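Since the structure comes first, as structure tokens, the remarks are kept for the end.
In mature numbering (1 follows the signal peptide of the UniProt record, and there is no 0), the protein residues as written are -19 to -1, 1 to 344.
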């Protein structure tokens, strides 16, 4: 079978077996990488094509990956709040951009930047995991003329996104199975579906459907996992990739009828734009507020007072990860998707054990 590739302002989506080619508007300012994005038959996940997700970054400590994120501009990265919650010293923290390989630090396409300041959402709750969003201000802007980098598009914020039951794509360097201690060295991609909040695979795990949404595959076998936190969950909208979700938490990974939970980015557009605009970044915004105070900056390296009382993070409310490549000095939680206290009141370990018994062999 032959296919005609139509470039620039036309999107061509074709099916070949279970594959789909998404060809976006390469002249757009956001949401389109240089190569076309090919999604094939996925069992759990597959390797991403080089440069196909040019906004995806690795958040690192001491050179080791522990979370993902997405480029919003040359100076700002968006990630999950739980990835950076509790950090009191930015020394050793950095981002890797421009590469799908974690071990390509010396390649011509990769760029490494230290972090100058962290802006965590002021109402982030580490118990319900609501408002799980944060911005990172880079110490030096990224070189966006590099063909391997382009920002991700944001939703408008006027309508809740995504709608239910659409195909979405998640990417990350996380582990490929629940309980694994090893992150992937290559960027992986997986196709998921947005799931109604009232469904049996979502309702027991989500806390606020205005701020969060579920995605997964009812049969299991496809999911994000440890090490993917903060990374993008994207929808293909108007020929461009749009950031609709941030990987937040889940009960295990890829279990049957157990969806993952994602931060609903469309709910935070005003906060994102205001935080960026009040820090000398040019964005379109209609809201004027006081300048946000960073949680921590590279110069002061001290925690500042926020509008909420300081929360004590415990391993009972956030899953302690055992990824051997992660060495965070402030907490062992957050190396990826947290497991939340379940709503039926059982300890997380009990729920995880029961899920493994019930769904063994169905991943």
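Think of the CB as a built atom: it goes at the ideal place given N, C-alpha and C, for glycine as much as any other residue.
These figures come from a predicted structure and were not determined experimentally.
query, result
"Range covered by the beta strand (DSSP E) that runs through residue 193", "193 to 197"
"Residue nearest to residue 34 in terms of C-alpha spacing, selected from 174, 132, 220, 219", "132"
"Outcome for residue 94 when other beta-carbon atoms lying within 10 angstroms are tallied against a minimum of 16", "buried"
"The region 121 to 129 in contact with the region 150 to 157 per 3-pair CB rule at 8 Å", "no"
"Residue 171, DSSP secondary structure in three states", "strand"
"Beta carbon of residue 99 nearer than 8 Å to that of residue 39", "no"
"Bridge partners - residue 149, DSSP secondary structure assignment", "173"
"Alpha-carbon spacing of residue 192 relative to residue 73, whole angstroms", "31 Å"
"Residue span of the beta strand (DSSP E) that contains residue 51, given as start and end", "45 to 52"
"Exposure of residue 160, with buried meaning 16 or more beta-carbon neighbours within 10 Å", "exposed"
"Cβ contact (3+ pairs, closer than 8 Å) linking the region 245 to 264 and the region 105 to 116", "yes"
"Residue from 219, 228, 220, 187 with nearest C-alpha to residue 204", "228"
"Beta-carbon separation (whole angstroms), residue 172 vs residue 165, contact threshold 8 Å", "Actually they are not in contact, since the Cβ atoms of residue 172 and residue 165 sit about 17 Å apart, beyond 8 Å."
"Residue 10 - DSSP class collapsed to helix/strand/coil", "coil"
"Host beta strand (DSSP E) of residue 215 (start-end)", "213 to 218"
"Beta-carbon proximity check, residue 162 vs residue 199, cutoff 8 Å", "no"
"Cβ separation of residue 49 and residue 233, assumed to be a contact under 8 Å, to the nearest whole Å", "Wrong, their Cβ atoms sit about 19 Å apart, outside the cutoff."
"Contacting residues, own chain, Cβ-Cβ under 8 Å from residue 169 (five flanking each side not counted)", "26, 27, 28, 29, 152, 153, 154, 155, 157"
"Nonlocal neighbours in the same chain, by C-beta distance under 8 Å from residue 13, ignoring five residues either side", "5, 6, 7, 131, 220, 221, 222"
"Same chain, Cβ closer than 7 Å to residue 178, five either side skipped, listed in chain order", "184, 187, 190, 194, 195"
"Beta carbon of residue 175 nearer than 8 Å to that of residue 122", "no"
"CA-to-CA distance, residue 248 to residue 217, given in whole angstroms", "18 Å"
"Cα-Cα separation, residue 80 to residue 144", "31 Å"
"Identity of the residues DSSP links to residue 37 by a beta bridge", "51"
"Supposed contact pair residue 136 and residue 246 - C-beta distance, whole angstroms, cut 8 Å", "6 Å"
"Where residue 162 sits in the DSSP three-state scheme", "coil"
"Strand pairing of residue 228, partner residues [DSSP]", "243"
"Burial state of residue 182 (16 or more Cβ within 10 Å)", "buried"
"Identity of the residue in 57, 201, 9 nearest residue 236 by Cα", "201"
"Cα-Cα separation between residue 244 and residue 89, rounded to whole angstroms", "33 Å"
"Reduced DSSP secondary structure (H/G/I, E/B, other) of residue 62", "helix"
"Contact belief for residue 197 with residue 241 at Cβ below 8 Å, rounded distance in angstroms", "5 Å"
"Per-residue DSSP class, three states only, for residue 28", "strand"
"Residue 107 to residue 66 span [Cα, whole Å]", "9 Å"
"Classification of residue 37 by the beta-carbon crowding that lies within 10 angstroms, buried from 16 upward", "buried"
"Exposure label - residue 60; buried when at least 16 CB within 10 Å", "buried"
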